[in-house]
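All residue numbers for the sequence shown refer to the working numbering, where the first residue is 418 and numbers rise by one.
Glycine included, every Cβ here is placed at the ideal spot set by N, Cα and C.
Please read the structure below before turning to the comments.
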Amino acid sequence: MKSDDKNILVIGNGFDLHHGMMTSYADLLCFYINIKDNTKQYDIDEETKKEVLSWPSNSFFDYFVSDYEDRKNVKSWIDLEHGIKQYIKTVIDFFEEENRKIRNNDSKAEIGEISYQGRTQEIAHMLINSHALGKTDQRRILIEKKFITFQGLYDIEEILNAFADELRGLEGIVAYYLKEIEPNIREDKKRYHQFKQINDIKPLYIISFNYTNTVGDLYAETAPDISFIHGELSSDNIVLGYDDNKQQEGDIVFKKFYRRIIKNTNTIDERKTRDSDGGFIRQRNVYIFGHSLDISDEDILAPLLEKHNTVIFYRNDTEYASKIKNLFLLLDKDKVIERINEGNIKFERIQGD
């Protein structure tokens, strides 16, 4: 099939889920918990099982599994991004407060010995799962000396560097699950085929927020050019992190824009969205399939939504309402209303879901 030189397809994890893949954040956590608790049998060998059971040695993974088992209200990769953001904020705020106490001689504990007692649940939870910082027991964590300055303060920069290493480890866990495990445990393999609704788009260009290349595998004839914004499994450069406009000292290493540069992931091919003078090509048609429109991807989504005719696919009424709400976070209220009323932004229900 010949690609339509006016069409751009933007896809998120919902694209993979529509094709029967078990690639959600909840799928990853549930798989691990089932292995740990031996509540479900999978066709995996003992070596793989041993690898999976080692995942909680990662501070982030251990924290998120514990959080999921407590609340069970996380589902998407956006929940993971929010979790990373909150975790790092808690780390920074906590050690800044500890340093303030030390400077003011308000600290009752020895430097490097931090008790969980009397802490908020969130701080205690963070400390218990912070394997990168030192040894823990049932009542305290003993911070390694390398995280303490010669002035007797906690070295927040070194602490954040340690968690940056942990984030790289978490990226490795996600990549291992998606590459080595998910294809073997997928339950609805019959859905792994082309869908006419997607096939009919025939895009000139695809912007993928996924790590997998499902669109290339299934729609090779109509997927001539793909940019993997958050990295690709085959390139071993997947990106986890978060984005926001607020910045705490040292947390830039956890921001997605920073990690995309470090990992050398794809950027938007401006030749596909702009004319020779650098202005947006207004006759492009953008189709968004399986992306939540979360504000964390504002830098990429907002310009497309503002300038191009857009069709947003949704599964059900709940998702339809959620996408409209997120639109108002991505764009100015009046702009959203104007573009919907003028037919520049349209919604289409996903068929066969």
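query                                                                                                                                           : result
Considering just the uninterrupted stretch of the beta strand (DSSP E) at Ser625, what are its terminal residues?                               : 620-625
Which one or two residues does DSSP pair with Gly551 in a beta bridge?                                                                          : Ile560
Cβ atoms of Leu470 and Ile452: under 8 Å apart, would you say?                                                                                  : yes
DSSP on Lys423, reduced to helix/strand/coil?                                                                                                   : strand
Between the alpha carbons of Glu599 and Glu755, how many angstroms are there, rounded?                                                          : 42 Å
From the DSSP secondary-structure annotation, give me the bridge partner or partners of Phe730.                                                 : Glu765
Here's the rule I'm using: 16 or more other beta-carbon atoms within 10 Å means buried, otherwise exposed. How should Arg807 be labelled?       : Residue 807 is absent from the model: the chain starts at 418 and stops at 770.
If you draw a straight line from the alpha carbon of Asp582 to that of Asn758, how long is it in whole angstroms?                               : 48 Å
Can you tell me which residues form a DSSP beta bridge with Glu530?                                                                             : Leu559
Do Tyr480 and His542 have their C-beta atoms closer together than 8 Å?                                                                          : yes
Please name the residue, chosen from Met439, Ile685, Asn430, that lies closest to Arg603 on a Cα-to-Cα basis.                                   : Met439
Alpha helix (DSSP H) containing Ile602: first to last residue?                                                                                  : 599-602
Quick check: the Cα distance between His435 and Asn733, rounded to an integer number of angstroms?                                              : 13 Å
Is there contact between the stretch 643-661 and the stretch 712-719, where contact requires at least three CB pairs shorter than 8 Å?          : yes
One question on the structure: do Lys606 and Gly769 come within less than 8 Å of each other, judged by their Cβ atoms?                          : no
Measuring only the C-alpha atoms, how far is Gly586 from Leu657?                                                                                : 10 Å
If you count every other CB in all the chains shown that lies within 10 Å of the CB of Thr547, and 16 or more means buried, which is it?        : Note on residue identity: the sequence assigns Ser, not Thr, to residue 547. Label assigned to Ser547: buried.
With a cut-off of 8 Å on the beta carbons, I'd call Gly551 and Glu561 a contact; round off their distance for me.                               : 5 Å
DSSP three-state label for Lys457, please.                                                                                                      : coil
Between which residues of its own chain and Ile624 is the CB-CB distance below 6 Å, once the five residues before and five after are set aside? : Val427, Ser644
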